[in-house]
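Visitor: Protein sequences, first through last, are from chains W and V. Each residue of the first sequence is one higher than the one before, starting from 0 at the first, in numbering that gives the first Met the number 0. Each residue of the second sequence is one higher than the one before, starting from 0 at the first, in numbering that gives the first Met the number 0. Pasting a structure below so you can have a look.
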Amino acid sequence: MRHSFLDQYSDRDSLIHRLDPRTKLLTTLLFILAVVLTPPGRWPVFALYFILVAALLVLSRVPRLYVLKRSLVIMPFVVLIAVFIPFFKEGEVAGSYNIWLWQLSVTYNGLEVFWNILAKAWLSILSLILLTSTTRFSQLLKGMEKLRLPGVMAMILSFMYRYIFVLVDEVMRMKQARDSRNFGGRRLWQLRTVGNMIGTLFIRSYERGERVYAAMVARGFDGQARTLENLNFRLSDVLFGLSLGFIIVSVMVLNLLYL
Amino acid sequence: MEEIIRVNNLSFGYPDGQPALSGVSLVINRGETVALIGPNGAGKSTLLLHFNGILHNDGMVRVFGEPVNDKNLRWVRRQVGLVFQNPDDQLFSPTVFEDVAFGPINLGYTEAEVRGVVTNALAAVGMSGYEKRSPHHLSLGEKKRVAMATVLAMNPQVLVIDEPTSNLDPAGKWSLIELLKGLEVTKVVASHDLELVQALCPRSVIIDRGVVVADGATSEILADKRLLAAHGLAQAPNS
Chain W
0 MRHSFLDQYS DRDSLIHRLD PRTKLLTTLL FILAVVLTPP GRWPVFALYF ILVAALLVLS
60 RVPRLYVLKR SLVIMPFVVL IAVFIPFFKE GEVAGSYNIW LWQLSVTYNG LEVFWNILAK
120 AWLSILSLIL LTSTTRFSQL LKGMEKLRLP GVMAMILSFM YRYIFVLVDE VMRMKQARDS
180 RNFGGRRLWQ LRTVGNMIGT LFIRSYERGE RVYAAMVARG FDGQARTLEN LNFRLSDVLF
240 GLSLGFIIVS VMVLNLLYL
Chain V
0 MEEIIRVNNL SFGYPDGQPA LSGVSLVINR GETVALIGPN GAGKSTLLLH FNGILHNDGM
60 VRVFGEPVND KNLRWVRRQV GLVFQNPDDQ LFSPTVFEDV AFGPINLGYT EAEVRGVVTN
120 ALAAVGMSGY EKRSPHHLSL GEKKRVAMAT VLAMNPQVLV IDEPTSNLDP AGKWSLIELL
180 KGLEVTKVVA SHDLELVQAL CPRSVIIDRG VVVADGATSE ILADKRLLAA HGLAQAPNS
C-alpha cells in the first residue's frame, strides 16, 4: 500500500533545505523555547514570532496549504487538553452556566490562558513542520546523533521511520481479513477479537524484530551503530543560525522591556 | 575444485523441540550455482542460517575448511553473504544508500571505499540512482534487488539467497533470474520455484524433513517426476 511520506517535501531544494540539520534542530528548539517562555497576553510578540516562522516557510517553498492542513491536524489534541483551563482558572467571571447540578463558570483569565496555549502550540507546530518538511528524516537522525543523542535512541527512531508503515499495512491486512469474515456481533466479542489482533500484531512484530536482527548480524553488526560522517557546517549555516538566534533573542529582550 | 562450504552431518532442533535438520551433509564448490529445493518447512531456511553462522553448531559447518565457531563469525560472514527472503526484514535503514553501506561500514571500510562499493553493488543489480530513496517506497522487485545489493557490497565469496522469486510477478521473476545469471559469484539458491531452478542452477539438492534426499544434476532431478511428487515438488500422481 502507498503511504504518504513522514517527511514529505524534504527532498526539494531551497535555502532552508540546504542548511545543516543541526542548525535547523537547534534554531527550532530555540524558537520553541522562546515561544513557550513568552508570558500570556503578549500578542504583538506572538505576531512577531508568527511573521518569523511564516517568512521561513515562504523561503522553504513548501506549499502553504499543506503546512496549514498539517498544522490543523494536530490542533484538536491541543484543544482537548486546553479546553478545561477556562473553567478552572480563578478570576473575573465571563459567563456561567448551570448544567444539571453543577455550576460552571468561565473566567476571562482562564480564557486568556486558553488562547495563549493555542497560539503557542500552533507556532511550535509550524516550526516543527518547517523542520520536518525541509530535512530528510535520515539527515535529521544524523543531526541528532551529532548533537549527542544516544545511538540507541537514534536507532529506535530510525527503525520507527522504516517500519511504521509496514506495521500499518499489517494492521490493514488483518482488518480486511477480519471484516471479510463478517465481523460483528456483540460488543464483548468484538473487544475480544480486537484484543487478539493486538496480541497477534505484537507477536508478529517481535518475530520480525528477530529476523531483522538476524539480517543485521549477517552483515557484520556487532551492537555498534556506525554511520558515515558527512555533515558539514557551511558559511550559510553560521549566517542563518546567528541571524535567527539574534532575531529570537532580540524579540525576547523586547518582550522584557515591554514588561 | 575449491571447496567453499562443507556441511558435515548437521542436525538442528528449534527450542520448541521440533527437529529441523537431521544429519545433513553437503559440499558447495567454487563457481557452482546450487539449488536447494524442498517443500515448505523442509528445513531449507534453517540450513541457510547455518551457512554464515547465524545459527551454529560447532564444527558441523566448515567454510574454506575452517570450522564455524564463535571466534571466526566476522570472517565467516564476510565470506558467505546471506540474502533473506523478505526484503522488509533485510532492508532496515531509512535510505537505500545507508542500507547498502551498512555491511561495508561494519567491515571497517573507509568512506571512499564505502561509496565505491555501494555504487558498484547498486549498478550490479540495476538500481543505480536509487541511493536516496526510502526502502518503504520501492516495489517488491526493487526491494529484492536492493536486498541483493546490500550483500554484494560486502563482496562475499558465495551468495546464499532464500527464495529470490517469491511473490514476484512473472516479468519481475524473469528479470531477476537474468540478473542472477549475470552475477559471477558462487551461488546457493533456496527455492521451490522449479522454473527458477531449471533456468539458473546446474546442480540441485532436494531437502525434505531435514534430510538430503537427492543431490545431482538439475536436468536429471527435475526429470524424475516420481521423486519430485514424493517430496511435495510436483502434483501427486494419483490425485
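Heads up, the beta-carbon is just placed ideally off N, CA and C, and yes, glycines get one too.
#1: Applying the criterion that 16 or more other CB atoms from any shown protein chain within 10 Å of the CB defines a buried residue, is L125(W) buried or exposed?
#2: For V105(W), verify whether its CB is less than 7 angstroms away from any heavy atom of the ligand PLP.
#3: I'd like to know whether the C-beta atoms of M173(W) and M196(W) end up nearer to each other than 8 angstroms.
#4: Tell whether a beta-carbon distance below 8 angstroms holds between L47(V) and A189(V).
#5: May I ask you to verify whether the segment 143-157 of chain V touches the segment 69-88 of chain V, counting CB pairs closer than 8 angstroms and requiring at least 3?
#6: Using only alpha-carbon positions, find the residue among R177(W), L187(W), A224(W) and V170(W) that is nearest to T203(W).
#7: So what does R76(V) bridge to, in DSSP terms?
#8: Can you pull out the residues from the segment 200-216 of chain W whose beta carbon lies closer than 8 angstroms to at least one beta carbon of chain V?
#9: Can you have a look at P155(V) and say buried or exposed, based on whether 16 or more other CB atoms are within 10 angstroms of its CB?
#10: Keeping to the same chain, check which residues put their C-beta closer than 7 angstroms to that of L72(V); ignore five residues upstream and five downstream.
#11: Just confirm the distance between the C-beta atoms of L81(V) and A217(W), as a whole number of angstroms; I'd bet it's less than 8 angstroms.
#12: Are the Cβ atoms of T27(W) and N254(W) separated by less than 8 angstroms?
#13: Between the segment 50-60 of chain W and the segment 110-129 of chain W, do three or more beta carbon pairs fall short of 8 angstroms?
#14: State the Cα-Cα distance for the pair V79(V) and I27(V), rounded to the nearest angstrom.
#15: Work out the CA separation of Y129(V) and R135(W) for me, nearest whole Å.
#16: Which ranges would you report for the beta strand (DSSP E) in the segment 212-237 of chain V if only whole runs of at least 3 residues count?
#17: Restricting to Cα atoms, I'd like to know which of V116(V), G215(V), R208(V) and G171(V) is closest to L195(V).
#18: Mind listing the chain W neighbours of V113(V)? Cutoff is C-beta to C-beta under 7 angstroms, in chain order.
#19: At the level of alpha carbons, what is the spacing between F113(W) and S165(V)?
#20: Could you pull out every residue in the same chain whose Cβ sits closer than 6 angstroms to the Cβ of R29(V), ignoring the five residues on either side in sequence?
#21: Grouping DSSP H, G and I as helix and E and B as strand, with all else coil, what is Q7(W)?
#22: Can you tell me where the beta strand (DSSP E) holding P38(W) begins and where it ends?
#23: Among residues of its own chain, excluding the 5 on either side of K180(V), which ones have a beta-carbon nearer than 7 angstroms to its beta-carbon?
#24: Specify, as a first and last residue, the run of the beta strand (DSSP E) that D207(V) falls within.
#25: Assess contact between the segment 5-23 of chain V and the segment 206-222 of chain V, defined as three or more Cβ pairs (one per stretch) separated by less than 8 angstroms. Is contact present?
#26: Look up V60(V) in the DSSP assignment and say whether it is helix, strand or coil.
#27: Considering only residues of the same chain and omitting the five flanking positions on each side of F45(W), which have a CB-CB separation below 6 angstroms?
#28: Give a yes or no on whether the C-beta atoms belonging to V157(V) and V187(V) are separated by under 8 angstroms.
#29: Which residues in the same chain as M59(V) place their Cβ atom closer than 6 angstroms to its Cβ, once the five residues preceding and following it in sequence are excluded?
#30: Using beta-carbon positions only, say whether V77(W) and Y8(W) come within less than 8 angstroms of one another.
#31: Tell me which residues of the segment 202-230 of chain V have at least one Cβ-Cβ distance to chain W shorter than 9 angstroms, keeping chain order.
#32: Cβ of H55(V) less than 8 angstroms from any chain W Cβ?
#33: Taking Cβ-Cβ distances shorter than 9 angstroms, what residues in chain V pair up with V165(W)?
#34: Do D19(W) and L230(W) count as a contact pair if the criterion is CB distance below 8 angstroms?
#35: Starting from M153(V), find everything on chain W with Cβ-Cβ shorter than 9 angstroms and list it in chain order.
#36: For K141(W), I'd like the list of residues in its chain whose CB is within less than 7 angstroms of its CB, leaving aside the five on either flank, ordered along the chain.
Guide: Let's see:
#1: By the 16-neighbour rule on beta-carbons within 10 angstroms, L125(W) is buried.
#2: No copy of the ligand PLP occurs in the structure displayed, which carries no ligand at all.
#3: Contact flag set, yes.
#4: For the 8 angstroms CB-CB criterion, L47(V) and A189(V) form a contact.
#5: The segment 143-157 of chain V and the segment 69-88 of chain V touch, with no fewer than 3 CB-CB distances between them shorter than 8 angstroms.
#6: The question names Thr, yet the displayed sequence has Arg at residue 203(W). Of R177(W), L187(W), A224(W) and V170(W), the smallest CA-CA separation from R203(W) is found for V170(W).
#7: BP columns for R76(V) are empty, so no partner.
#8: If the cut-off is 8 angstroms between Cβ atoms, the segment 200-216 of chain W has R207, R210, V211, A213, A214, M215 and V216 near chain V.
#9: Buried, because 16 or more other Cβ atoms sit within 10 Å of the Cβ of P155(V).
#10: Taking C-beta separations shorter than 7 angstroms and ignoring five residues to either side along the sequence, the partners of L72(V) in its chain run G52, following chain order.
#11: Contact holds; Cβ gap of about 5 angstroms.
#12: No, Cβ-Cβ distance for T27(W) and N254(W) is not below 8 angstroms.
#13: Result yes; three or more Cβ-Cβ pairs closer than 8 angstroms.
#14: Straight-line spacing of the CA atoms in V79(V) and I27(V) works out to 12 angstroms.
#15: Rounded to the nearest angstrom, the two C-alpha atoms are 15 angstroms apart.
#16: Fully enclosed beta strand (DSSP E) runs of 3 or longer: not present.
#17: When only C-alpha atoms are compared, the closest one is G171(V).
#18: Think of a sphere of 7 angstroms around the beta carbon of V113(V): the chain W residues whose beta carbon falls inside it are L227, in chain order.
#19: Note on geometry: alpha-carbon atoms of F113(W) and S165(V) lie some 56 angstroms from one another.
#20: Excluding residues within five positions, the ones whose Cβ falls inside 6 angstroms are E1, I3 and T185.
#21: Reduced to three states, the DSSP call for Q7(W) is coil.
#22: Counting along the chain, no beta strand (DSSP E) covers P38(W), and no H or E run does either.
#23: Around K180(V), the same chain offers L199 as residues with beta carbons nearer than 7 angstroms, after the five sequence neighbours per side are excluded.
#24: Counting along the chain, the beta strand (DSSP E) containing D207(V) begins and ends at R202 to D207.
#25: Judged by Cβ distances under 8 angstroms, the segment 5-23 of chain V makes contact with the segment 206-222 of chain V, as three or more pairs qualify.
#26: DSSP places V60(V) in strand when its eight states are reduced to three.
#27: The residues are A118.
#28: Yes.
#29: Correct list, in chain order: N7 and L9.
#30: At a Cβ-Cβ threshold of 8 angstroms, V77(W) and Y8(W) do not count as neighbours.
#31: Taking a C-beta cut-off of 9 angstroms against chain W, none of the residues of the segment 202-230 of chain V qualify.
#32: For H55(V), the answer is no, since every Cβ of chain W falls outside 8 angstroms of its Cβ.
#33: Among the residues of chain V, those whose CB is under 9 angstroms from the CB of V165(W) are D87 and H135, following chain order.
#34: The Cβ atoms of L230(W) and D19(W) sit closer than 8 angstroms to each other.
#35: R218 and G219, listed in chain order.
#36: Scanning its chain for C-beta atoms nearer than 7 angstroms, with the 5 sequence neighbours on each side dropped, one finds around K141(W) the residues P20, T226 and L230, in chain order.
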